[in-house]
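Below is one structure, written out as structure tokens; comments come after it.
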Amino acid sequence: DQLIVQRLLTCKDVRHSQRALIGSGFVVMLQFALFLMVGLGLWAFFEGRPFDRSDEIFARFIIDEMPVGVRGLLIAGVFAAAMSSLSSSINSLASASAYDFWAPAAGKSDDEAAVLKAGKVFTLMWAGLLVLGAILFIPLSVGTAAVEVALAVASMVYGGLLGAFALGVLTSQVSQRGAIVGMTVGIATVVAIWVFARDLVAWPWFVLIGAAVTMAVGSNFRKR
Numbered sequence: 005d006q007l008i009v010q011r012l013l014t015c016k017d018v019r020h021s022q023r024a025l026i027g028s029g030f031v032v033m034l035q036f037a038l039f040l041m042v043g044l045g046l047w048a049f050f051e052g053r054p055f056d057r058s059d060e061i062f063a064r065f066i067i068d069e070m071p072v073g074v075r076g077l078l079i080a081g082v083f084a085a086a087m088s089s090l091s092s093s094i095n096s097l098a099s100a101s102a103y104d105f106w107a108p109a110a111g112k113s114d115d116e117a118a119v120l121k122a123g124k125v126f127t128l129m130w131a132g133l134l135v136l137g138a139i140l141f142i143p144l145s146v147g148t149a150a151v152e153v154a155l156a157v158a159s160m161v162y163g164g165l166l167g168a169f170a171l172g173v174l175t176s177q178v179s180q181r182g183a184i185v186g187m188t189v190g191i192a193t194v195v196a197i198w199v200f201a202r203d204l205v206a207w208p209w210f211v212l213i214g215a216a217v218t219m220a221v222g223s224n225f226r227k228r
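This note's numbering puts the last residue of the sequence shown at 228; the count rises by one with no breaks.
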């Protein structure tokens, strides 16, 4: 996605981009292993004591058990990580909207000042939409851990993204319109499942379902 692409664009050539992409896969595995170790450590520390919400466990450990200085550093780290992830996502959305959609449609691809101004407007717009989306998701995610909600939301669009990528790599007969229509239908299908039948279908299936629907619908649109 654009979040990954904009990082790869900072590399000096394709070979370094490939190394960065492959290396990030191993780093992510180590990252999740660290998360699991922290979770196991907290479970052992609290001796399996139940909490009303699983999101409270680490926060409670930081507030009640950590020394004052370390406590402040950890809280600052949590906020810094959240701000970094959010700013990267907003920048990706604004960049794609300004350069890939607005500039060609407005005939301003060569006007950097106009594109920059449009990027600022899109940044504000996407920030507002993300806040609104988060508010709308509150009643739909009651009783669910924050990490599960985040992964479920990501899996809603990653299925469509994977399906469109597969159409582009595995076949040369599908048109661009087919990929876009297929991705739209795939994402809409997964969102509908999450809203109306999330108790019947677990979120780890969303990527597979979204990719399958995207490929099935997109393959019906052939190049002329």
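Every residue gets a Cβ at the ideal spot worked out from N, C-alpha and C, and that includes glycine.
Rounded to the nearest angstrom, the Cβ distance from residue 197 to residue 163 is 11 Å, too far for a contact under 8 Å. About 4 Å separates the beta carbons of residue 207 and residue 156, which is inside the 8 Å limit, making them a contact pair. By the C-beta criterion, the region 185-199 is judged to be in contact with the region 218-226, since at least 3 inter-stretch pairs fall below 8 Å. For residue 102, there is no enclosing alpha helix (DSSP H), as DSSP gives it neither H nor E. Counting C-beta pairs with one atom in each stretch, the region 122-134 and the region 98-108 have three or more that are closer than 8 Å, which means they touch.
In the DSSP secondary-structure assignment, residue 178 is bridged to 226. For the pair residue 199 and residue 160, the CB atoms are not nearer than the 7 Å cut-off. Rounded to whole angstroms, residue 88 and residue 79 show a C-alpha spacing of 14 Å.
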